[in-house]
Amino acid sequence: MLRNIEAERIRNGFTKDKLAKKLGVSTKSYYNWIYEKTDIPSSILMELAKIFGTSVGYLLSGSISGYTEKGDEKTDV
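Number 952 marks the last residue of the sequence shown (the working numbering); no jumps.
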């Protein structure tokens with residue numbers, strides 16, 4: 876899970892649906908990126924950094940691989 880993107884989303888008052896709409900993507904695409912099922916396009920990463928006032932590097936740091944969506948159980952990967 877890309878927890879820094881999720882932390883910034885919450886800090887900036889966006890729901891997952893609203894942020895996905897702001898980025899021009901489906902909520903499913905957003906979920907797939909956050910839970911690292913698919914790669915986030917560089918153009919979206921740059922837009923997220925601009926929206927949140929952070930760097931792309933910061934957004935990509937803090938990845939927790941191998942956790943479920945709830946983040947409380949480790950899965951086999």
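C-beta atoms are modelled at their ideal positions from N, C-alpha and C, and glycine is treated no differently. For clarity, every value in this text was computed on a predicted model and none was experimentally measured.
In the DSSP assignment, find the alpha helix (DSSP H) that holds residue i and state where it starts and stops.
i: Gly932; result: Val931 to Leu935
i: Tyr905; result: Thr902 to Ile909
Consult DSSP for residue i and reduce its assignment to one of helix, strand or coil.
i: Ile939; result: coil
i: Phe927; result: helix
i: Glu883; result: helix
Give me whichever residues DSSP pairs with residue i in a beta bridge.
i: Leu877; result: Ser938
For residue i and residue j, which I take to be in contact (beta-carbon distance under 8 Å), what is that distance rounded to the nearest angstrom?
i: Asn879; j: Ser917; result: Contact doesn't hold; Cβ gap of about 17 Å is too wide.
At the level of alpha carbons, what is the spacing between residue i and residue j?
i: Lys949; j: Ser938; result: For Lys949, the pLDDT reaches just 38, beneath the cut-off of 50, and the residue's location in the model is therefore unreliable, although a value from the coordinates is still provided. Roughly 14 Å between the two C-alpha positions.
i: Arg884; j: Thr913; result: 19 Å
i: Lys925; j: Phe889; result: 14 Å
i: Ser904; j: Val931; result: 18 Å
i: Leu923; j: Val900; result: 12 Å
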